[in-house]
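J.: Residues in the sequence shown are numbered consecutively from 0, following numbering that gives the first Met the number 0. C-beta: ideal position from N, C-alpha, C; glycine also. Here the structure is a predicted model, which is why all the values come from computation and not from measurement.
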Amino acid sequence: MGQLAQAHRDRLETGKQVLDIIVDRGWISAEEVAELRAAYGIETPAPPAMQAAPEPSPETGAVPPAARYTIAIRLTNGDLITAGETEGSDKAAALGHAVVADLTKEDGEWPFFGGRYINPETIVSVDLLPEDSQS
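1. Which same chain residues, not among the five before or five after P109, have their C-beta less than 8 Å away from its C-beta?
2. Let me know the secondary structure DSSP gives A82 once reduced to three states.
3. Around the Cβ of I21, are there at least 16 other Cβ atoms within 10 angstroms (buried) or fewer (exposed)?
4. Which of the three DSSP states, helix, strand or coil, is assigned to D106?
5. Specify the secondary structure class of S124 as computed by DSSP and reduced to three states.
6. Can you give me the C-alpha to C-alpha distance between N76 and E31, rounded to a whole angstrom?
7. For A66 versus D126, is the C-beta distance shorter than 9 Å?
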């Protein structure tokens with residue numbers, strides 16, 4: 000999988016900006032990002048404002064956390080290879096689409112997920128598995 004695809008997958012999982020992710024992963028230096036931002040007139044984003052969580056109203060109680068999903072590649076032999084994890088069904092669907100896009104590239108290279116190269120002919124599906132459904 001390409002670095003840009005991995006950075007976008009990380010962005011979906013963490014909410015961080017792609018440029019920050021590629022620096023965190025060591026693919027480029029913070030100085031190179033600063034040069035790119037200066038060259039293209041991109042302002043450095045302000046750190047997210049820290050807001051106190053509102054008190055839950057007595058009648059509604061606390062809002063339950065978003066469901067956690069594992070995005071897995073199902074193979075013909077039944078194996079599931081984890082391609083990513085995220086919170087919430089919308090992010091899971093977006094991450095699932097990104098995995099499908101990686102798998103359907105026609106560059107002749109086998110996709111790499113879960114520490115192994117996968118023969119494209121052995122892929123059955125990309126599954127969005129809620130945390131409570133995994134065994």
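T.: Result, derived from the coordinates:
1. Note that residue 109 is Trp in the sequence shown here, rather than Pro. Y116, I117, N118, P119.
2. strand
3. buried
4. coil
5. strand
6. 45 Å
7. no
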